[in-house]
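What follows is one structure encoded as structure tokens, with my remarks underneath.
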Amino acid sequence: MPEYPPIANHGLIGDLQTAALISADGAVDWFCAPRFDSPSIFASLLDQERGGHFTIAPVHDEVTVRQLYLPDTAVLITRFLTPEGVGEVVDFMPVSDRPDVPTDRHRLVRALRVVRGTLTFDVTCRPRFDYGRAPHTLALDGAAATFHGPGLDVHLRSSVPLEAEGQDVRATVTLRHGQTAGIVLETSAPGTSVPEPVTEEAVQAALDRTRVFWHGWMRRCRYRGRWQSMVNRSAITLKLLIYAPSGAPIAAPTMGLPEQIGGERNWDYRYTWIRDASFSVRVLLDLGFIEEADAFRRWLGGRGRAARPGGEPMQIMYRVDGDPELAEEVLPHLSGYRDSYPVRAGNGAADQLQLDIYGEFAYAMTHSADLAELAGYEGWKGFSALLDWLCDHWDRPDEGIWETRGGRKDFTYSRMMCWVALDRGIRLAHEYARPADLARWTAQRDAILVQVMERGWNPERKAFVQHYDSEVLDASLLLMPLVGFISPRAPSWLSTLDAMDRELVTDSLVYRYNPEASPDGLRGSEGTFSLCSFLYVEALARAGRLDQARFAMDKMLTYANHVGLFAEEIGRTGEQLGNFPQAFTHLALITAAMALDEELDRAADLR
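725 is the number that my numbering gives to position 94 of the sequence shown; each next residue is one higher, with no gaps.
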């Protein structure tokens, strides 16, 4: 294996239950099965010695690599250009006829072809089960291999002979112009029947079905604006990160990718955050993906109904099937991406108190009248009980949106989102004439607004600040006008936006906050937050600063990787940092594009 590839040097493929990252070097260096949050089979992205990988690359010293998606699909093509020939590896994961049914069987298809000259490929498959902790055994028969791991078999079927290399396999294949080969990796429960041999016709048929699936799905997309290709790619990325059996979107398909190279800010993002996922409902509905939005609403409603007696009504995150157990453990045997240690599986932030999630929950459940009505009377009773609880509990410190580990504070964003929860509940009760303690809800909603205006506003900074009695700015407050808490052109908001421009924005990129001014309990620094950069674009657009907004949007898009994907953060020299790709960033890209289109069109109509 070469040195660790840049985080951005990857494409994403998946089958709506799990996903894989393919580097521009031709390596599958991240893959978990049978679900997004299952232990890894390939994890060389976190430890090249112990993690495992599945690599197909040309045997040549002079190689130029190009990577692209088949348009409007999740089919990834890696092209290798050498003096002797040009070859391609086409990677995809076929979507089953019933992606909503959980299964242990997942296929990763790798089709090799040479389009010019002659090229020799080296194939290496080295699975490492359970994050590299568990041994496996190999059964090899010509072009068929099975790796037996704990609780899972991995089958490798090839159109070329395979050779054993210890308990791993390798192969060498030389192809001339027009020739092809195929290698299919398939997971299954132990003892499941062995997959069929690989043929050129079977690989082509699987590719055709996969292309038809994605083209059919994309035809439902309503977006026809100025940033069509980027919005389409973001929509496909969001779809890839939704666990189809439950409808729950994950924050990212990876864990442990650092927010600072060599630092400790390395988290597991393979779970469903109430906050992130709730905002996706608006995006899915606006794009026309009604089924996905409704599936998540049903999952979200289930979390509300599963509230623990005597405790908080909801956790901030869950596993994709709704399981609340996310115990965090350090994996000491993994060195981490470029020595970014520790590597953590699970996420201890699940036990934090973050009161803003009730606002996002309400935002999702009430964004569409159709979705709200589908919840029915029983759904309303659960929602009403949650708001009754919030009336008694909103006025207390919490850990806040950024999951800091520096102690609870009176975060302005958390209070604002409690206001959103009560405000949306009041509107819904009026619209559908539902039973509710409207006098109490209204009194508490108004009390929150008064408190935020008086204590969340810092007269010296002339800005709303991160938490009460502080001077720290926080980019989460870019959502204030976007959720209707304040007018996007109110003087106090424009003053806040100006303050953020001066302190948090650099070359259109936005920091979450200044950790030196507001210690978060962790060592080190971080890059700019791509989510916040797109929220900034939307806030500028709604404030009428259209030239600035459009320039910020176009500059931000230059930080996308070569296939249009974004990690969580952008580093000082433009490198992507953090888990990859991040769903929240891609949904913010879509909302920024739609808001900017709307404001630009409105301005044109006025001329």
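C-beta atoms are modelled at their ideal positions from N, C-alpha and C, and glycine is treated no differently.
Next item on the list: Let me know the secondary structure DSSP gives K1040 once reduced to three states.
Entry: Looking up residue 1040 in the sequence shown gives position 409. If DSSP states are grouped into helix, strand and coil, K1040 belongs with the strands.
Notebook entry, point to check: When the Cα of M945 is compared with those of R975, A993, S789, I921, which residue comes out closest?
Noted result: For the purposes of this step, residue 945 is taken as residue 314 along the sequence shown, with counting starting at 1. If we check each option's Cα against that of M945, A993 comes out closest.
Checklist line | 8 Å CB neighbourhood of T749 in its chain, flanking five on each side removed | finding: If you number the sequence shown from 1, residue 749 lands on position 118. Taken in chain order, the residues that qualify are E715, G716, T805, L806, R807, H808.
Note to self: Using CA atoms only, rank isn't needed, just tell me which of S789, W904, T1204 is closest to Q985.
What the structure shows: To locate residue 985, count along the sequence shown from 1; it is residue 354. Among S789, W904, T1204, the Cα nearest to that of Q985 belongs to W904.
Notebook entry, point to check: With 16 other CB atoms within 10 Å as the buried threshold, where does E1157 fall?
Noted result: In the sequence shown, counting from the first residue as 1, residue 1157 sits at position 526. Buried: at least 16 other Cβ atoms inside 10 Å.
Notebook entry, point to check: Can you tell which of A658, F667, A837 has the C-alpha that lies nearest to the C-alpha of F711?
Noted result: Locating residue 711 in the sequence shown gives position 80, counting from the first residue. Answer by Cα proximity: A658.
Check: Among the residues of its own chain, which have a CB less than 6 Å from the CB of E890, if the five just before and after it don't count?
Finding: Here residue 890 is taken as the residue at index 259 of the sequence shown, counted from 1. Hits under 6 Å: R896, E1157, E1200, L1208, G1209.
Next item on the list: Give the single residue among F1095, A980, V1103 whose Cα lies nearest to the Cα of I1117.
Entry: Mapped onto the sequence shown, residue 1117 falls at position 486. Selected option, being the one with the closest Cα: F1095.
Check: Per DSSP, N1089 is paired with what?
Finding: Walking along the sequence shown from the start, residue 1089 turns up at place 458. Answer is A1094, bridged to N1089.
Check: So F667 packs on I867, CB below 8 Å; how close in whole Å?
Finding: Here residue 667 refers to the residue found at position 36 of the sequence shown. Here residue 867 refers to the residue found at position 236 of the sequence shown. Rounded, the Cβ-Cβ distance is 16 Å, inconsistent with contact.
Margin query: Let me check understanding here. Comparing Cα to Cα, which of M849, G782, M724 lies closest to R741?
Written below: If you number the sequence shown from 1, residue 741 lands on position 110. If we check each option's Cα against that of R741, M724 comes out closest.
Notebook entry, point to check: Which residue's Cα is closest to the Cα of Y1008: A1067, R842, R747?
Noted result: Taking the sequence shown and counting its residues from 1, one reaches residue 1008 at position 377. When each option's Cα is compared against that of Y1008, the closest is A1067.
Next item on the list: For A1235, count neighbouring C-beta atoms within 10 Å of its own C-beta (all shown protein chains included) and say buried if the count is 16 or more, exposed if not.
Entry: Taking the sequence shown and counting its residues from 1, one reaches residue 1235 at position 604. That one is exposed.
Item checked: Whole beta strand (DSSP E) elements within the stretch 674–722, 3-residue minimum -> 684–689, 695–700, 707–712
Check: Taking the continuous beta strand (DSSP E) assigned at F1116, which residues delimit it?
Finding: By 1-based counting over the sequence shown, the position of residue 1116 is 485. From DSSP, F1116 is part of no beta strand (DSSP E); its letter is neither H nor E.
Next item on the list: Check whether the Cβ atoms of R1143 and D1178 lie closer than 8 Å to each other.
Entry: Here residue 1143 refers to the residue found at position 512 of the sequence shown. Here residue 1178 refers to the residue found at position 547 of the sequence shown. No, Cβ-Cβ distance for R1143 and D1178 is not below 8 Å.
Note to self: Please report the distance separating the alpha-carbon of D656 from that of R1046.
What the structure shows: By one-based count along the sequence shown, residue 656 stands at place 25. By one-based count along the sequence shown, residue 1046 stands at place 415. Taking the straight line joining both Cα atoms gives about 47 Å.
Notebook entry, point to check: Does DSSP put G780 in a helix, a strand or coil?
Noted result: The sequence position of residue 780 within the sequence shown is 149, counting from 1. Strand at G780.
Check: To the nearest angstrom, how far is it from the Cα of A651 to the Cα of Q798?
Finding: As a first step, residue 651 is located in the sequence shown; it is residue number 20 there, counting from the start. As a first step, residue 798 is located in the sequence shown; it is residue number 167 there, counting from the start. A651 and Q798: Cα-Cα distance of roughly 22 Å.
Item checked: Proximal residues to F1165 (C-beta, below 6 Å), its chain only, five neighbours per side dropped -> Taking the sequence shown and counting its residues from 1, the one referred to as residue 1165 is at position 534. Excluding sequence neighbours, F1165 sits near A1219, L1220, A1223.
Next item on the list: Sort out for me which residues DSSP pairs P963 with in a bridge.
Entry: Position 332 of the sequence shown holds residue 963. BP columns for P963 are empty, so no partner.
Check: What alpha helix (DSSP H) runs, 4 residues minimum, are completely inside the stretch 1122–1200?
Finding: Taking only runs of at least 4 residues, the alpha helix (DSSP H) segments lying wholly in the stretch 1122–1200 are 1122–1134, 1161–1173, 1177–1188.
Next item on the list: Classify D646 as helix, strand or coil using the three-state DSSP reduction.
Entry: For the purposes of this step, residue 646 is taken as residue 15 along the sequence shown, with counting starting at 1. In the structure shown, D646 sits in coil (DSSP, three-state: anything other than H, G, I, E or B).
Notebook entry, point to check: For R950, which option in H1024, P884, L915 has the closest C-alpha, if you only look at C-alpha atoms?
Noted result: If you number the sequence shown from 1, residue 950 lands on position 319. The candidate whose alpha carbon is nearest that of R950 is P884.
Check: So, are the CB atoms of P826 and E832 less than 8 Å apart?
Finding: One-based indexing of the sequence shown puts residue 826 at position 195. One-based indexing of the sequence shown puts residue 832 at position 201. In this structure, the beta-carbon distance from P826 to E832 does not fall below 8 Å.
Next item on the list: Find the nearest neighbour of P702 within the set N863, R1027, G1175, L1018, judged by alpha-carbon distance.
Entry: As a position in the sequence shown, residue 702 is number 71, starting the count at 1. For the set N863, R1027, G1175, L1018, the Cα lying nearest the Cα of P702 is the one of N863.
Notebook entry, point to check: What are the residues that DSSP puts in a beta bridge with M861?
Noted result: As a position in the sequence shown, residue 861 is number 230, starting the count at 1. The partner list for M861 (beta bridge, DSSP) is empty, contrary to what the question assumes.
Next item on the list: Would you check if there are 3 or more beta carbon pairs closer than 8 Å linking the stretch 1117–1129 to the stretch 1054–1073?
Entry: no
Note to self: So, at 7 Å on beta carbons, what are the nonlocal neighbours of R681 in its own chain, with the 5 sequence-adjacent residues on each side left out?
What the structure shows: Against the sequence shown, residue 681 aligns to sequence position 50. The residues are R759, G763, H964, L965.
Note to self: For N1192 and G953, I'd like the C-alpha separation in whole angstroms.
What the structure shows: Translated into the one-based positions of the sequence shown, residue 1192 becomes position 561. Translated into the one-based positions of the sequence shown, residue 953 becomes position 322. Spanning the two alpha carbons is a distance of roughly 32 Å.
Checklist line | Rounded straight-line distance, which links the Cα of E719 to that of L617 | finding: The structure shown does not extend to residue 617, since the chain spans only 632 to 1238, so no value can be given for it.
Notebook entry, point to check: Does the pairing of the stretch 684–700 with the stretch 770–781 give three or more beta-carbon distances under 8 Å?
Noted result: no
Next item on the list: Specify, as a first and last residue, the run of the beta strand (DSSP E) that I638 falls within.
Entry: Against the sequence shown, residue 638 aligns to sequence position 7. For I638, no beta strand (DSSP E) segment is defined, and its DSSP state is neither H nor E.
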